[in-house]
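Asker: Numbering (the numbering used here), first residue to last: 6 to 198.
Idealized CB from N, CA, C, for every residue including glycine.
Take a look at this one; I'll ask things after.
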Amino acid sequence: MTNDETIALLEKSKEGDREALGELLTTYRSYIIKVAKACIGARSKARMDKQDIAQLTCSAVIKKLPDFRGSTEKELRGFIAATTRNVTSNVSRSVYAAKRTPMSEATSSCRLGELRESMHPRPVGLDIEVREEFAKVKEAMAGLSENMRKNLEMHYLKGLSYSEISEITGQKTNLIRASVCRGLKVLRSKVGA
Numbered sequence: 006m007t008n009d010e011t012i013a014l015l016e017k018s019k020e021g022d023r024e025a026l027g028e029l030l031t032t033y034r035s036y037i038i039k040v041a042k043a044c045i046g047a048r049s050k051a052r053m054d055k056q057d058i059a060q061l062t063c064s065a066v067i068k069k070l071p072d073f074r075g076s077t078e079k080e081l082r083g084f085i086a087a088t089t090r091n092v093t094s095n096v097s098r099s100v101y102a103a104k105r106t107p108m109s110e111a112t113s114s115c116r117l118g119e120l121r122e123s124m125h126p127r128p129v130g131l132d133i134e135v136r137e138e139f140a141k142v143k144e145a146m147a148g149l150s151e152n153m154r155k156n157l158e159m160h161y162l163k164g165l166s167y168s169e170i171s172e173i174t175g176q177k178t179n180l181i182r183a184s185v186c187r188g189l190k191v192l193r194s195k196v197g198a
């Protein structure tokens, strides 16, 4: 879809055309899912689904669209990315705020151990040296700031470019690049590579 077609759909959507709004959201659904996937942290993946986040984001965009003042595709993408981040943040807060039934310490520790083993099985067939290196990298990643770790994960593990990360996080591209470079230096110094 061209930029002009997107702007035309945006204008029709603002005027209340439901078909145009549906087409606009369908066009940006994959982008919303991509942003949601990047925003959901590793710890939250088991509790939050990117498809659910995308659906909630579409609802939020529908509600907020009449107040949207932008008129370019870039502004629309920024609006959708910001809305997706806000929805993800709100869902994350509500997931973690859910009350849990208290457990005894022994039961809790036992379940935590089982959960850890099921989620992160030890690599099979790797020799001890490789396992030790894997553990060093994992420990070094855990020692990074959350922002630096997320930027590294999005760039190297998810294959996103600096500009894509910028759209998702709202940070400037040069700050993301610097964060990734600093993160690599810290990892190399801790791991010794």
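Kindly give me the distance between the Cβ atoms of residue 53 and residue 92, rounded to whole angstroms, as I take these residues to be in contact under 8 Å.
Answerer: Not confirmed; about 10 Å, so no contact.
Asker: Are residue 37 and residue 62 closer than 7 Å when you measure CB to CB?
Answerer: Contact flag set, yes.
Asker: According to DSSP, is residue 177 part of a helix, a strand, or is it coil?
Answerer: It is coil, neither helix nor strand.
Asker: Can you tell which of 170, 154 and 142 has its C-alpha closest to the C-alpha of residue 83?
Answerer: It is 170 whose Cα lies nearest to the Cα of residue 83.
Asker: Can we say the stretch 73-89 touches the stretch 153-168, given the rule of at least three CB pairs closer than 8 Å?
Answerer: Flag = no, the stretch 73-89 and the stretch 153-168 do not touch.
Asker: Pull up the CB-CB distance for residue 41 and residue 55, whole angstroms please, since I reckon it's below 8 Å.
Answerer: Confirmed, Cβ separation roughly 4 Å.
Asker: Using a 10 Å radius around the Cβ and a threshold of 16 neighbouring Cβ atoms, would you call residue 32 buried or exposed?
Answerer: Classification of residue 32: exposed, given that the 10 Å Cβ count is below 16.
Asker: Can you give the Cα-Cα distance for residue 22 and residue 39, rounded to whole angstroms?
Answerer: Roughly 26 Å separates the two Cα atoms.
Asker: At the level of alpha carbons, what is the spacing between residue 152 and residue 137?
Answerer: Rounded to the nearest angstrom, the two C-alpha atoms are 25 Å apart.
Asker: Consult DSSP for residue 128 and reduce its assignment to one of helix, strand or coil.
Answerer: Low per-residue confidence applies at residue 128: pLDDT is 49, beneath 50, and the placement is therefore not dependable enough to give any value.
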